[in-house]
Structure formats: C-alpha cells, structure tokens
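Chains as they are written, first to last, in the numbering used here: chain V, 416 to 571; chain E, 4 to 210.
Cβ atoms here follow ideal geometry from the backbone N, Cα and C, with glycine treated the same way.
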Amino acid sequence: MSSEAVVETTGERRRWLSILAKAMASEVIAAWEGLAERPAFRALRAPEIGMVMVRGRMGGTGDAFNVGEMTVTRAAVRLESGETGLSYVAGRDRRHAEIAAAVDAMMQSPALRPTVEGAVVARLAEAQTRRRDTAARKAAATKVDFFTMVRTRSPA
Amino acid sequence: MSVAPTALDLTRIAPGFADPTAESQAAFRQIMDAVARPGTIQTLANAPQAPQGLDRAAGAVALTLFDFETSVWLDPSLRGGAAEDWIRFHCSCPLTDARAEAAFAIVTDVAACPPLSSFNLGDAKYPDRSTTLVIQVADLAGGRSASLSGPGIKTEATVAPAGLPDGFWDQVQANNAQFQFGVDLLFVAGDRLTALPRSIRVTIKGD
Chain V
416 MSSEAVVETT
426 GERRRWLSIL
436 AKAMASEVIA
446 AWEGLAERPA
456 FRALRAPEIG
466 MVMVRGRMGG
476 TGDAFNVGEM
486 TVTRAAVRLE
496 SGETGLSYVA
506 GRDRRHAEIA
516 AAVDAMMQSP
526 ALRPTVEGAV
536 VARLAEAQTR
546 RRDTAARKAA
556 ATKVDFFTMV
566 RTRSPA
Chain E
4 MSVAPTALDL
14 TRIAPGFADP
24 TAESQAAFRQ
34 IMDAVARPGT
44 IQTLANAPQA
54 PQGLDRAAGA
64 VALTLFDFET
74 SVWLDPSLRG
84 GAAEDWIRFH
94 CSCPLTDARA
104 EAAFAIVTDV
114 AACPPLSSFN
124 LGDAKYPDRS
134 TTLVIQVADL
144 AGGRSASLSG
154 PGIKTEATVA
164 PAGLPDGFWD
174 QVQANNAQFQ
184 FGVDLLFVAG
194 DRLTALPRSI
204 RVTIKGD
C-alpha cells in the first residue's frame, strides 16, 4: 500500500473501530453480506479468541481497579488490493472479527471507503444509538422522583 | 534488559500460519520428534513463507514455540528488519539484548554466533530454563560430520550441518560436558530441521 493511501487520522479510525467492536455479530455479518461487492482478503492473523481485563477508575478519575474480564476476538486481514486492517471485537464470533478487520482495511482506502462507510459503519452506529436510546427510555420510565411534601396550612 | 517496543507497521507484515491451531500442533510434533531423536531430519512442509533473512523452518519454530512469556534474542542481522516485525506481530514475544536472559535465540549468521556459554545455561533448580538456540545454516548436510550418541539414539547418529565456524564443535562438546546445564540447539536450513539437545555426546570424525 502506498503511503498516501493512509488518509485517516487516529481519531476517525478509533471511532469506526469502536463501532465495529461494539456491534452485534449478527448485524455486522448481515451488513457485510448485503454489500454488492465484497473484496477478497486473506488472514494475516486468523481470528483468535481471548480475554482482556477491563479496568476502570473510581468515579472516573480515582484509583484504577479491575472491573472484570471480557471475551474478545481479534483478527488482522490483508485485502487483495494491499490494505491491511485489524480488529478487536467483543464476544467470540470469529466471522465478526474477520469482517470488522476487512471493513477497517476498506475504510482506510479512499477507493473502497464509500462502499462500506454508509452501508456498514453508519448502519451499525445507527443500530447502536437506537439500542442505547431504547434502554435509556426504558430506564427513564422507571424513574422515581423523590420530593418533599410541602406542609400546607390547614384552613382555619 | 528488554528492548523498548516501537510501533509496528502492519502494512509490511506477512501472514503466519493459515490455520494456527492445527499447523502449530503439527509443527510442535515435528520439533518434539527432532529433539527426541537427535540426528534425524524433519521437514516442516507446512511452514509459511518467512520474511527476508529467516528460513521457513526457523519461522515455523518461532510461530510454534515463542509467546509472550518467552524472551527472544535475535541475531543482529535480523534486528530492525521485516523478520523482527513479523516475529513481534505473530508471537507477541518480548525481545532482549541480554543473551543470558533469553529463552530462545535465533542465529542467522552462524560465523558470528556468540559463544554458546554466553546464553542462559539454566540453573540448578530449573535447568530447563536455559536458552534454546535456533541456528540457521546453509544446509543440514555437507559440513564436517559429527557422530552423536546419547538418549534417543540407539547406536550412533551423525549430523553434518554446513558452514559452522572453527571451534563450534568444541563449544558443543563443552556444552555437553556441563550437563545438566547447557543450551539446546536446533539447526534449520530451508524447511528442514534437526536438533542437538545438551544431553548428546558429540565426537568429531578424525579427532
């Protein structure tokens, strides 16, 4: 791959890698299968399943602590046109990891990017937003407002 | 003293095993058989194309045996090149400049091979923690013939790796003399491999 083919800034790439990592495997596979043309690729690192320790900070800024381990699957692929993509995705679906890596590779290529930007990345992002909204609305419906009764003067 | 890692350029890295589980198991079996029967030659037919400077058998040994817990010493001729990136990406192993700390070492320029005694020889409690050297030679045959005897050899076996420097066999004999301590050697050429563990007594023809 020529060096000018890499047009992405870290921030943008981080955004789509995050969307691909958090998407549901079934959605990723459906979006991929729905593409009119899918480039051929081969594995640089065949999908492998492992665990990562998720760490958090107390109150977001305090001391680090281990939240727990989660299953992740990672893969790296190279497209026939030469672009390289990689992925770390939640869960243990090998196909998900492979497709996410291929989409990452396509997103880095100005020629292939339009194929997947709307049909895969935007679609997955939208589904995630929808899921988060639904969850937020369901949670909001159970909200309890605590208030203090204001003692009213009894009619004299 | 481990080497500070730098960012990998993924666009230059070649693939490893296509089916890592099955192929690394098959390669492991062949490496194990080679070590169990010194003097026999194993052909690692599944070995993927290794990056420049590394023979296919050496690459297969790396993919099979190196991992995040084994620190690896690389021949200076491999440092900073495609082979180093390939090993770091596929094996996730820490690289080291300190030979006495290395679990594995890859020697591609055998004429400039550091003294065997400068690698980790194991300690009295854990002799198994010594360095295993992967020594890349031009050919596994055609060199000075050494006859071998010891565990895994019924009567006698011979090896004759080509291109070994003068005094190399003296070092191998000294290595065997300090058993249980000592390094284990794997000779590779192309996709072929033969092993010379520290337990083997070596006699050079004509000595």
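Cβ of residue i within 8 Å of any chain E Cβ
i: V:Arg428; result: no
i: V:Glu463; result: yes
i: V:Leu432; result: no
i: V:Glu423; result: Its pLDDT being 49, under 50, V:Glu423 is placed unreliably in this model, and the value from its coordinates should be taken loosely. Answer no: the Cβ-Cβ gap between V:Glu423 and chain E never drops below 8 Å.
i: V:Ala551; result: no
Chain V contact for residue i (CB, 8 Å cutoff)
i: E:Thr9; result: no
i: E:Ala21; result: yes
i: E:Pro18; result: yes
i: E:Gly193; result: no
Cβ pair residue i, residue j closer than 8 Å
i: E:Val140; j: E:Pro164; result: yes
i: E:Pro51; j: E:Phe20; result: yes
i: E:Ala149; j: E:Val205; result: yes
i: E:Val186; j: E:Phe92; result: no
i: E:Gly56; j: E:Gly84; result: yes
i: E:Phe190; j: E:Leu143; result: yes
i: V:Val536; j: V:Met522; result: yes
i: V:Arg470; j: V:Asp478; result: no
i: V:Asp519; j: V:Leu501; result: yes
i: E:Arg59; j: E:Leu47; result: yes
i: E:Arg195; j: E:Gln45; result: yes
i: V:Val467; j: V:Val487; result: yes
Three-state class that DSSP yields for residue i in the structure shown
i: E:Gln45; result: strand
i: E:Phe20; result: coil
i: E:Asp100; result: coil
i: E:Arg147; result: coil
i: V:Val559; result: coil
i: V:Glu452; result: coil
i: V:Ile444; result: helix
i: V:Arg552; result: helix
i: E:Asp36; result: helix
i: V:Pro525; result: coil
i: E:Leu196; result: strand
i: E:Pro79; result: helix
i: E:Thr161; result: strand
i: E:Val205; result: strand
i: V:Val487; result: strand
i: E:Phe122; result: coil
i: E:Leu167; result: coil
i: E:Asp187; result: strand
i: E:Phe31; result: helix
i: E:Phe92; result: helix
i: V:Arg470; result: strand
i: E:Ala65; result: helix
i: V:Val531; result: helix
i: V:Ala537; result: helix
i: V:Arg428; result: helix
i: V:Arg493; result: strand
Chain V contact residues for residue i, given Cβ-Cβ distances below 8 Å
i: E:Leu13; result: Leu459, Ala491, Thr499 and Leu501
i: E:Ala30; result: Going along chain V, no residue has its Cβ under 8 Å from E:Ala30, so there is no contact; the nearest lies around 15 Å.
Proximity to residue i [Cα-Cα], best of the options
i: V:Lys558; options: V:Met564, V:Ala550 and V:Val565; result: V:Ala550
i: E:Asp112; options: E:Thr73, E:Gly193, E:Pro168 and E:Trp89; result: E:Pro168
i: E:Ala61; options: E:Arg102, E:Asp100 and E:Thr135; result: E:Thr135
i: V:Arg489; options: V:Ala555, V:Phe562, V:Arg430 and V:Leu435; result: V:Leu435
i: E:Thr158; options: E:Pro41, E:Ile34 and E:Leu199; result: E:Pro41
i: V:Arg510; options: V:Met439, V:Leu432 and V:Gly426; result: V:Met439
i: E:Leu199; options: E:Ala180, E:Val162, E:Gly193 and E:Phe182; result: E:Val162
i: V:Val443; options: V:Ala534, V:Ser569, V:Asp560 and V:Arg568; result: V:Ala534
i: E:Ile138; options: E:Tyr129, E:Pro154, E:Pro130 and E:Phe171; result: E:Phe171
i: E:Asn179; options: E:Gly166, E:Glu72 and E:Gly153; result: E:Gly153
i: V:Pro525; options: V:Glu541, V:Glu498, V:Met466 and V:Trp431; result: V:Glu498
i: V:Ile514; options: V:Arg429, V:Pro462 and V:Gly426; result: V:Pro462
i: E:Ala17; options: E:Ile90, E:Val110 and E:Ile203; result: E:Ile90
i: E:Val110; options: E:Asp36, E:Glu87 and E:Lys128; result: E:Glu87
Beta carbon proximity, residue i to chain A, threshold 8 Å
i: E:Phe71; result: This model lacks chain A altogether; the protein chains it does include are V and E.
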